[in-house]
Amino acid sequence: MHDLTGFQRDLLYVIAGADQPSGQTVKDEVEKYYSSEINHGRLYPNLDTLVNKELVEKGQLDRRTNYYAITDDGRERIDERREWEAQYVDF
Numbered sequence: 001m002h003d004l005t006g007f008q009r010d011l012l013y014v015i016a017g018a019d020q021p022s023g024q025t026v027k028d029e030v031e032k033y034y035s036s037e038i039n040h041g042r043l044y045p046n047l048d049t050l051v052n053k054e055l056v057e058k059g060q061l062d063r064r065t066n067y068y069a070i071t072d073d074g075r076e077r078i079d080e081r082r083e084w085e086a087q088y089v090d091f
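Shown next as structure tokens:
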């Protein structure tokens with residue numbers, strides 16, 4: 001995950017913890033954590049980056065709404081990150 005920004009990692013974690021969330025659902029969850037509004041110009045290009053890196057897949061719920069789902073590679077990257085973090089932080 002060294003090639004992702006912190007924001008992209010946060011998006012990946014939110015998507016991994018939900019069942020095919022829409023972009024709006026991801027936005028709402030991230031805004032809770034950041035305690036500020038996330039605009040579409042920031043959100044969707046970063047979601048597209050995760051899709052392009054094949055960490056997330058994008059599909060359509062209906063004509064207006066896309067969903068996002070973690071891929072096996074995305075889940076593996078999260079697992080690797082958590083193992084790396086565990087070396088340094090053990091609560």
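Read left to right, the sequence shown gives residues 1 to 91 (the UniProt record's numbering).
We put the CB at the ideal spot given by N, CA and C, even for glycine.
Beta-bridge pairing of residue i - partner residues as DSSP gives them
i: Y67; result: S22 and G59
Residue i CB to nearest heavy atom of the ligand SAM below 6 angstroms
i: A69; result: The ligand content of the structure shown is nil, which means the ligand SAM is not present either.
Beta-carbon contacts of residue i that lie in its chain and below 7 angstroms, excluding the five residues immediately before and after
i: S22; result: L61, T65, N66 and Y67
i: V30; result: D10, L11, V14 and I38
i: Y33; result: D10
Residues near residue i by beta carbon distance below 6 angstroms, same chain, minus five either side
i: V51; result: K58
i: L43; result: K27
Residue i, enclosing alpha helix (DSSP H) - first and last residue
i: E76; result: D72 to A86
i: V51; result: H40 to N52
i: L12; result: G6 to A16
Residue i vs residue j beta-carbon contact at 7 angstroms
i: I15; j: I70; result: yes
i: G74; j: L47; result: no
i: R81; j: M1; result: yes
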